[in-house]
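S.K.: Dropping a structure here in structure tokens format, bear with me for questions.
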Amino acid sequence: MPQPVKVDLEQWERDGFVIVPDILSPDEAAVAARILEERLPADGPPPGLPDVHNGRKTLIREHTDPRLSNLAGHPRLIEAVEQIMGPCFLIQGTAAPVITYKSPPGEENFDLGYHVDWPHNPSEPGDERCMNCCLHLGTVESGGGALMVRPGSHRLVAENLNDPVLKQRMFDQDFDGFPGLSEPIEACVTSGSGVFFHAFLVHDRSENVLDVPRRVVFTHYRSFDGNQQRSEWAATASQRFVDHQIETMDDRLKHLCGLDESR
230 MPQPVKVDLE QWERDGFVIV PDILSPDEAA VAARILEERL PADGPPPGLP DVHNGRKTLI
290 REHTDPRLSN LAGHPRLIEA VEQIMGPCFL IQGTAAPVIT YKSPPGEENF DLGYHVDWPH
350 NPSEPGDERC MNCCLHLGTV ESGGGALMVR PGSHRLVAEN LNDPVLKQRM FDQDFDGFPG
410 LSEPIEACVT SGSGVFFHAF LVHDRSENVL DVPRRVVFTH YRSFDGNQQR SEWAATASQR
470 FVDHQIETMD DRLKHLCGLD ESR
């Protein structure tokens, strides 16, 4: 029997991220990893779309497999989300799978581009309620392309939204030498783990110098003050999910996404 999901809420509040192991079982992670490898080639457009220059995430959304996207509603993942956000939340949109292989010799990029995954840029009220999860379909060791996080930077970002100069730097994703930014931590994890991180957390992935591909699925959530606020946000839920994922959802997952209230 799997151990109960337990989130270190003290670390979450302090650091803006927390690692929760064993969200997926070994078998679940292995199956998802195989699907991801089949669906998404390394660092290129999906099959059948040569010369497309859309953003990487757009391509991922349109061509992901619902069996991967629907992991956003995995019961153990949702249990962790509830511990962090409380019971009133929604899945924010179609999950984005990413696979990172070892770069060919001479093509490595060790200049990390630390950034914030702004829900809106410029930021809008309520964005501070958003959270992401990097769900790992395999173990990531040091040097294997792990997520790099800056502990406590979510609070630094929130505080500096009141400073016109620093605010613009943040919206421009200019965090090189940013005042007060903490030293990065390499989030090495075991297969099946989720790295939950605040939407304002400064982060990046590192270069993968190992022969083991890094396979992850990014899922997204937003909390609300109450059911009325949740229902208002749910009204536009269908705009945030691709149709071929919605077609595969059961009633439980549609409710978690707000699609049972969408107009």
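If you want this note's numbering, it's the position in the sequence shown, counting the first as 1, plus 229. Each residue gets a CB set at the ideal place from its N, CA and C atoms; glycine is no exception.
Given that a residue counts as buried once 16 or more other Cβ atoms are within 10 Å of its Cβ, and exposed if not, what is Thr448?
M.R.: Sequence index remark: in the sequence shown, residue 448 carries index 219 (1-based). Counting Cβ neighbours within 10 Å, Thr448 comes out buried, since at least 16 surround it.
S.K.: With respect to the beta strand (DSSP E) encompassing Ser332, which residues constitute its N-terminal and C-terminal limits?
M.R.: Position 103 of the sequence shown, counting from 1, holds the residue named residue 332. No beta strand (DSSP E) contains Ser332, which DSSP labels as neither H nor E.
S.K.: So the alpha helix (DSSP H) Glu242 belongs to, where does it begin and stop?
M.R.: Here residue 242 is taken as the residue at index 13 of the sequence shown, counted from 1. Leu238 to Asp244 is the span of the alpha helix (DSSP H), which, as asked, contains Glu242.
S.K.: Considering just the uninterrupted stretch of the alpha helix (DSSP H) at Ala387, what are its terminal residues?
M.R.: One-based indexing of the sequence shown puts residue 387 at position 158. Start and end: Ser382 to Asn389.
S.K.: Does DSSP classify His303 as helix, strand or coil?
M.R.: Stepping through the sequence shown from its first residue, residue 303 is reached at position 74. Correct three-state label for His303: coil.
S.K.: Out of Pro393, Ala428, Gly381 and Gly372, state which residue places its alpha-carbon closest to the alpha-carbon of Asn437.
M.R.: Translated into the one-based positions of the sequence shown, residue 437 becomes position 208. Taking the Cα of Asn437 as reference, the smallest distance to any Cα among Pro393, Ala428, Gly381 and Gly372 is reached at Gly372.
S.K.: Under 8 Å between C-beta atoms, does Ala466 make it to chain C?
M.R.: Here chain C cannot be found, since the structure has a single protein chain.
S.K.: With H, G and I counted as helix, E and B as strand and the rest as coil, what does DSSP make of Asn361?
M.R.: In the sequence shown, counting from the first residue as 1, residue 361 sits at position 132. Note: Asn361 maps to strand in three-state DSSP.
S.K.: Could you check which residue in His344, Phe425 and Ile307 has the C-alpha nearest to that of Asp403?
M.R.: For this step, residue 403 is matched to residue 174 along the sequence shown. Nearest option by C-alpha distance: His344.
S.K.: Are Phe319 and Arg451 close, meaning C-beta to C-beta below 8 Å?
M.R.: The residue you call residue 319 lines up with position 90 of the sequence shown. The residue you call residue 451 lines up with position 222 of the sequence shown. The residue you asked about is not Phe; residue 319 is Leu in the sequence shown. In this structure, Arg451 lies closer than 8 Å to Leu319 by Cβ.
S.K.: Out of Glu490, Thr323, Gly342 and Gln457, which one is the CA nearest neighbour of Cys317?
M.R.: Within the sequence shown, residue 317 is the residue found at index 88, counting from 1. Checked all of Glu490, Thr323, Gly342 and Gln457; the closest Cα to Cys317 is Gln457.
S.K.: Looking at Ala259: is its Cβ nearer than 8 Å to the Cβ of Leu297?
M.R.: Within the sequence shown, residue 259 is the residue found at index 30, counting from 1. Within the sequence shown, residue 297 is the residue found at index 68, counting from 1. Not a contact, by the Cβ cut-off of 8 Å.
S.K.: Evaluate His432 with the Cβ neighbour count: other Cβ atoms within 10 Å of its Cβ, from every protein chain shown; 16 or more gives buried, anything less gives exposed.
M.R.: One-based indexing of the sequence shown puts residue 432 at position 203. By the neighbour-count rule (16 or more Cβ atoms within 10 Å), His432 is buried.
S.K.: Give me the DSSP bridge partner(s) of Asn437.
M.R.: By one-based count along the sequence shown, residue 437 stands at place 208. Paired residue(s): Gly373.
S.K.: How would you label Leu278, buried or exposed, when you count the other beta carbons within 10 angstroms and need 16 or more for buried?
M.R.: The residue you call residue 278 lines up with position 49 of the sequence shown. Residue confidence is low: Leu278 scores 49 on pLDDT, short of 50, so the model does not pin down where it sits. Its coordinate-derived value is still stated next. That one is exposed.
S.K.: Of all the options Val446, Leu385 and Gly367, which has the alpha carbon lying nearest to the alpha carbon of Val418?
M.R.: Counting from one through the sequence shown, the residue named residue 418 turns up at place 189. For the residues Val446, Leu385 and Gly367, the minimum Cα distance to Val418 belongs to Gly367.
S.K.: Measure how close the beta-carbons of Val424 and Ile248 come, nearest whole angstrom, since I'm counting them as under 8 Å.
M.R.: Start at 1 with the first residue of the sequence shown, and residue 424 comes out as number 195. Start at 1 with the first residue of the sequence shown, and residue 248 comes out as number 19. Indeed, because the Cβ distance is near 5 Å, the residues count as touching under 8 Å.
S.K.: Hey, Arg443 and Met377: beta-carbon distance below 8 Å or not?
M.R.: Looking up residue 443 in the sequence shown gives position 214. Looking up residue 377 in the sequence shown gives position 148. Cβ distance not < 8 Å, so Arg443 and Met377 don't count as in contact.
S.K.: Give the DSSP bridge partners of Val247, in chain order.
M.R.: As a position in the sequence shown, residue 247 is number 18, starting the count at 1. Paired residues: Phe425.
S.K.: Suppose contacts are defined by Cβ-Cβ distances below 8 Å. Is Ile328 in contact with Glu266 by that definition?
M.R.: Counting from one through the sequence shown, the residue named residue 328 turns up at place 99. Counting from one through the sequence shown, the residue named residue 266 turns up at place 37. Result yes, Cβ atoms of Ile328 and Glu266 sit closer than 8 Å.
S.K.: Excluding the five sequence neighbours on either side, which residues of its own chain have a C-beta within less than 7 Å of the C-beta of Val310, listed in chain order?
M.R.: Here residue 310 refers to the residue found at position 81 of the sequence shown. Taken in chain order, the residues that qualify are Phe318 and Tyr450.
S.K.: Leaving out five residues before and five after Leu300 in sequence, what residues of the same chain have Cβ atoms less than 8 Å from its Cβ?
M.R.: Here residue 300 corresponds to residue number 71 of the sequence shown, with the count starting at 1. Leu253, Ala261, Leu306, Ala324, Leu364, Val446 and Thr448.
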